[in-house]
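Student: One structure is given below, represented as structure tokens, and several questions about it will come after.
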């Protein structure tokens, strides 16, 4: 890689982590993606609902979505089929609420909210730390901690590869992994199998070791 190309990449990465740049990137992406989302969302809801018939894993009572959260695609009001807002801030009282809020925060490039909701699995933390050590010095000056790197990496990746629409996310089916740990299923759709951990503050979105491997691999490929 030439010095000029390397300098340009560092400059872009450094700029992208600022809230203003993240917001601008999201707005640009949203305009391009809005039309496609409107056409695909009803189809995705129908696909997800068909999969619900096959998913029978037991879940805890507080993790189970309310029945009214799933609305048949044919009965969706026009205003919801063509939403101004693609995501909803629903807090973090349940895994499903955290999924909605996490998608909402990433969509806006709201790194402060992403930071509050994101939890790193023990296996993911050292891998993100190893990546941090390889970053240019001026980038490490911005991303001072492993959590800083994780938050920026997850936010940027999800902005480029976003969650399905909020109406689709509402159809996610919870599966109990163990006490206080839940997986949300969206079979055959983007962001299937995301995991959530119950904490004193509510449910957190988990950056698993497998997710960390995926994001690190994408970063490394972008540097070639």
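In the working numbering, the protein residues as written are 241 to 464.
Even for Gly, the Cβ is constructed at its ideal location relative to N, Cα and C.
Across the stretch 414-428 and the stretch 370-385, are there enough close Cβ pairs to call them in contact, namely three or more that are closer than 8 Å?
Tutor: No, they do not touch.
Student: Rounded to the nearest angstrom, how far is the Cβ of residue 462 from that of residue 430, given a contact under 8 Å?
Tutor: Numbered from its first residue, the chain shown carries residue 462 at position 222. Numbered from its first residue, the chain shown carries residue 430 at position 190. In fact, because the Cβ distance is near 20 Å, the residues do not count as touching under 8 Å.
Student: When we look at the beta-carbon of residue 405 and count the other beta-carbons within 10 Å, is it buried (16 or more) or exposed?
Tutor: Here the question's residue 405 lines up with position 165 in the chain shown. Burial call: buried.
Student: State the CB to CB distance for the pair residue 386 and residue 372, rounded to an integer number of angstroms; the pair is presumed to be in contact (CB under 8 Å).
Tutor: The residue given as residue 386 occupies position 146 in the chain shown. The residue given as residue 372 occupies position 132 in the chain shown. Their Cβ separation, rounded to whole angstroms, is 6 Å, which keeps residue 386 and residue 372 in contact under 8 Å.
Student: Is it right to say residue 332 is buried, meaning 16 or more other beta carbons lie within 10 angstroms of its own, or is it exposed?
Tutor: Here residue 332 refers to the residue found at position 92 of the chain shown. Its Cβ being crowded by 16 or more others within 10 Å, residue 332 is buried.
Student: Return yes when the Cβ of residue 339 is within less than 8 Å of the Cβ of residue 412, no when it is not.
Tutor: Indexing the chain shown from 1 puts residue 412 at position 172. Indexing the chain shown from 1 puts residue 339 at position 99. Cβ atoms of residue 412 and residue 339: closer than 8 Å.
Student: For the candidate residues 435, 328, 391, whose alpha-carbon lies nearest to that of residue 343?
Tutor: Within the chain shown, the letter at position 103 stands for residue 343. Checking every option, the nearest Cα to that of residue 343 belongs to 328.
Student: Which whole-angstrom value is the C-beta distance of residue 236 and residue 354, which I expect to be below 8 Å?
Tutor: No information on residue 236 is available, as it lies outside the stretch 241 to 464 that the chain covers here.
Student: DSSP three-state call for residue 414: helix, strand or coil?
Tutor: Position 174 of the chain shown, counted from the first residue, corresponds to residue 414. If DSSP states are grouped into helix, strand and coil, residue 414 belongs with the strands.
Student: Name, in chain order, the residues that DSSP records as bridge partners for residue 447.
Tutor: For this step, residue 447 is matched to residue 207 along the chain shown. According to DSSP, residue 447 bridges with 360.
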